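Report on the following structure.
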Amino acid sequence: MIAMLKECCDLLEQKKLKVAFVESASSGYLSSQFSLYKECGAQILLGGLVCYDATWCNLELSNLIRKV
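Just so we're aligned, residue 15 is where the sequence shown starts under our numbering, counting upward by one.
Listed below in structure tokens is the structure:
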């Protein structure tokens, strides 16, 4: 997992891309790993949303998309 995380973070940094996650079963695991790796959270991680209720999650995502 660490090698894959390193590869993803390095690639995102090289291409100057950012990432955000919507998670349920992983309970924010991806967001936490990306935020801790080389402290690259500030450079590549926009944030994350952990949601188990699909209706609420869809509503929140719709609201976020409208604001962007």
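Glycine included, C-beta positions come from ideal geometry on N, C-alpha and C. Model, not experiment: these values are computed from the prediction.
First through last residue of the beta strand (DSSP E) which encompasses L59 = L59 to V64
Between S76 and G62, is the Cβ-Cβ spacing less than 8 Å?
-> no
Put A39 into one of helix, strand or coil per three-state DSSP.
-> coil
How about Q47 and E27: are their beta carbons less than 8 Å apart?
-> no
Residues near V36 in its chain [Cβ-Cβ closer than 6 Å; skip 5 each side] | L63
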